[in-house]
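Just so we're aligned, residue 1279 is where the sequence shown starts under the working numbering, counting upward by one.
From the three backbone atoms N, C-alpha and C, an ideal C-beta is built for every residue, glycine too.
The structure appears right after this line, and notes come after that.
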Amino acid sequence: MTIVKRLCLLLIILDLWLTFAIYSSWFGTGMMIADDYPMAAVLDFPETLGEVAWLLSLVLIPLLIVAYRAKKDWLSRGLFVFGVLSMAFIVYMVGQYGEYNDVILERYNPDTVQSTMIEVDAAGLAGLQDGIVYCDGRPADEDVAYWRDSIKKNTDILVNNNHSTVYYYDTESCGAVPEEWGVDALPVLVVLQDGAVIESAADWDIVKYFQDTERFSYSW
């Protein structure tokens, strides 16, 4: 048995582990985003490369078996080199998923997010001519409070990661929003230009506003 064929046996064992690792990374990350960190969906991660790496890990096993059983040395060497290069790519993608997961846990976690919105009072709001204002207050109903808190946390995640400037106005301590804004429900997001409202969004549409990757950019 040549050295190359012995190494092919070693690669087959290694590829079995890599198949599990890349599948766990690809599938696990998708489930993590869907279940616990949905705001991370705005990140532009090369999911297609992850799928390619997983499929490649499956194809490698029969190819390496062929390399081990091949009678022609050039075929064994060629498939061995292909296997080494393919595994290097798979290892790289496993590392990318690890880095991607770290970013999600650190920057897209609703349980640990800290708001970077700039708080303004009634006087500050009156003098604001241009900008994005998030208006909210504290409702008496606990279920409504939980729902509003979820919207705020998810909005904070997106604002923090797209590095936009957003002003926060608390109607409970600062009073109602200007009547001319036509706001009839909270929370609401108002976009001002020259003192006039040019765009607004309420409830979960606030989150959708910031999820627009044509309007805001996100990087990891």
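So, are the CB atoms of residue i and residue j less than 8 angstroms apart?
i: Ser1465; j: Ile1435; result: The sequence given here places Pro at residue 1465; Ser does not occur at that position. No, Cβ-Cβ distance for Pro1465 and Ile1435 is not below 8 angstroms.
i: Asn1432; j: Pro1388; result: yes
i: Ile1311; j: Ala1319; result: yes
i: Leu1341; j: Gly1361; result: yes
i: Asp1293; j: Ile1343; result: no
i: Thr1449; j: Asp1414; result: yes
i: Ser1303; j: Val1372; result: yes
i: Ala1345; j: Ser1335; result: no
i: Tyr1445; j: Ile1396; result: yes
i: Leu1479; j: Tyr1487; result: Residue identity differs from the one stated: residue 1479 is Ala in this sequence, not Leu. Going by C-beta atoms, Ala1479 is nearer than 8 angstroms to Tyr1487.
i: Trp1498; j: Leu1287; result: no
Tell me the residue span of the alpha helix (DSSP H) that contains residue i.
i: Gln1489; result: 1483 to 1489
i: Asp1313; result: 1281 to 1313
i: Lys1496; result: It should be pointed out that residue 1496 corresponds to Tyr in this sequence rather than to Lys. Per DSSP, Tyr1496 belongs to no alpha helix (DSSP H) and is neither H nor E.
i: Val1344; result: 1325 to 1347
Determine the extent of the beta strand (DSSP E) in which residue i is found, giving its start and end residues.
i: Asp1408; result: Careful: Asp1408 lies outside any beta strand (DSSP E) and carries neither H nor E.
i: Leu1467; result: 1466 to 1471
i: Val1320; result: Premise fails: Val1320 is in no beta strand (DSSP E) and is neither H nor E.
Determine the burial state of residue i: buried for a count of at least 16 other Cβ atoms within 10 Å of its Cβ, exposed for fewer.
i: Thr1297; result: buried
i: Ile1250; result: No answer is possible for residue 1250: the residues shown for the chain start at 1279 and end at 1498.
i: Gly1328; result: buried
i: Leu1289; result: buried
i: Ala1331; result: buried
i: Thr1307; result: buried
i: Phe1358; result: buried
i: Met1309; result: exposed
Where DSSP assigns a beta bridge to residue i, which residues make up the other side?
i: Ala1454; result: None, per the DSSP bridge assignment.
i: Ser1478; result: Val1468
i: Val1444; result: Ile1410
Q | beta strand (DSSP E) runs contained entirely in the stretch 1365 to 1428, provided each spans 3 or more residues | A | DSSP runs (the beta strand (DSSP E)) wholly in the stretch 1365 to 1428: 1396 to 1398, 1409 to 1414.
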